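Under the numbering used here, the first residue of the sequence shown is numbered 949, with each subsequent residue one higher. Let me begin by presenting the structure, written as structure tokens, before commenting on it.
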Amino acid sequence: IFSLLIYFIGYKLRGGQLEKNELHVVDVLPNQENMLRGRSYMSIYSPVNGRYQLGGNFAHSAIRSEYGGVFRGNLHDTLQIEYHANGFDADAKVPIWTSRLVSSEWIAQTDAGV
């Protein structure tokens, strides 16, 4: 009964909805006005045990999990990444009722659709 009560309270508090928050920091590289450098952060809150597809479409880009705390270290096992010539595809594993933070770094030309 206790587990059911905790599950019900958690579901009602968060509404059972997936939440995604993004922050993009972009700057122009010094002495190269046609080049942009960026860092993107994405937080995913999952109401269920789920896997979420992420991707980047710049040739010079990378993605990683953020630090998970003293006992978890870098959460490399929760993010599966496949790099290719034009960016990357990633699969983020997020346990129920938790958040996962990933960050991506990239460089692109100003005409690359940023």
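Where is the CB? At the ideal position from N, CA and C, for every residue including glycine. If you're wondering where the values come from, they're calculated on a predicted model, not measured in any experiment.
TODO: Assign Gly964 to buried or exposed, taking buried as 16 or more other Cβ atoms, counted over all protein chains shown, within 10 Å of its Cβ.
DONE: exposed
Open item on the list: Taking the alpha-carbon of Ser1047 as reference, which of Asn969, Gly1004, Ser988, Phe1006 has the nearest alpha-carbon?
Closed with: The shortest C-alpha separation from Ser1047 is found at Asn969.
Open item on the list: Can you check which of these residues, Gly998, Pro995, Leu984, is closest to Ser1009 by C-alpha distance?
Closed with: Leu984
- [ ] Could you tell me which residues DSSP pairs with Lys968 in its beta bridges?
- [x] Ile992
Task: Ala1007 versus Pro1043 - alpha carbon distance - done: 30 Å
Open item on the list: What residue range does the beta strand (DSSP E) around Phe1006 cover?
Closed with: Per DSSP, Phe1006 belongs to no beta strand (DSSP E) and is neither H nor E.
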